[in-house]
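The structure appears right after this line, and notes come after that.
In the numbering used here, the protein residues as written are 34 to 319.
Here it is, written out as structure tokens:
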């Protein structure tokens, strides 16, 4: 009896009656086994570059238009935003409901995109849906666009409701004649303003593109960050009164370097499961 021992002996040949199914699963196992070896041979972890330009070009041409893993950043940032509102204190119910509903939608979409990656065994309906997402680039583009739209909508609605709260509170103080005790700075949420969230959103949106070269992607991210830093020190400086402008620049540059590193590591992950490894293991199936 032939057995393939990997990750706790996940499957055996005698357990799979269909030879084609066994062949496909064996192929996947061989690809998984060789992924780290191929990554080490064809990439330079120190300089975050491919050692061979032709290999990187082949990799780029064989990959799809979006990376589902990158979409996990959207529900994560929205969760932090919701948690911040909870910790700050009581807000209007509309704010909590808006963030919670949008967060659930983002989590569901991100889960559908990544379930085949993070789970070894999934129900058949979810497997069919996840495979469709993995194989059809237009589906992923649609999901990515809708997730970004949900993300933006959540922040716009929250800021509209919160500004409405501040205006009502200030109007009540004017009526009561106690405006001398009201200081806007004391009632502003001690968080980066929504403009910086849109900057972060732009940087996250760039990470879902994988068909452009890594250096081009890094150049776009850095350009966006530099433009945002210029705006912080110039025409948009009034919108960043809560924190010192230097703090915003540090936050943005930290995000930039983090995204560049994460992008490269995601490229390594995709590369380990990419077209080149399939070619290297093709003879193993014969």
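Heads up, the beta-carbon is just placed ideally off N, CA and C, and yes, glycines get one too.
Just so you know, these numbers come straight off a predicted model, no measurement behind them.
Restricting to Cα atoms, I'd like to know which of the options is closest to residue i.
i: residue 176; options: 144, 156, 134 and 190; result: 144
i: residue 128; options: 180, 142 and 191; result: 191
i: residue 135; options: 171, 160, 111 and 54; result: 111
i: residue 184; options: 119, 159, 138 and 255; result: 138
i: residue 146; options: 126, 186, 131 and 173; result: 173
i: residue 186; options: 116, 58, 131 and 160; result: 131
i: residue 180; options: 133, 140, 52 and 126; result: 140
i: residue 113; options: 259, 188 and 256; result: 188
So what's residue i in DSSP terms, helix, strand or just coil?
i: residue 155; result: coil
i: residue 169; result: coil
i: residue 58; result: helix
i: residue 97; result: In this predicted model, residue 97 has a pLDDT of only 46, less than 50, meaning its place in the structure is not dependable; the value taken from the coordinates is given anyway. If DSSP states are grouped into helix, strand and coil, residue 97 belongs with coil.
Around the Cβ of residue i, are there at least 16 other Cβ atoms within 10 angstroms (buried) or fewer (exposed)?
i: residue 163; result: buried
i: residue 43; result: Annotation note: pLDDT 48 at residue 43 (below 50); position unreliable, coordinate value reported separately. Residue 43 is exposed by the Cβ-count criterion.
i: residue 148; result: buried
i: residue 54; result: exposed
i: residue 142; result: buried
i: residue 166; result: buried
i: residue 13; result: Outside the displayed span of the chain (34 to 319) sits residue 13, for which this structure offers no information.
i: residue 158; result: exposed
i: residue 116; result: exposed
i: residue 108; result: buried
i: residue 52; result: exposed
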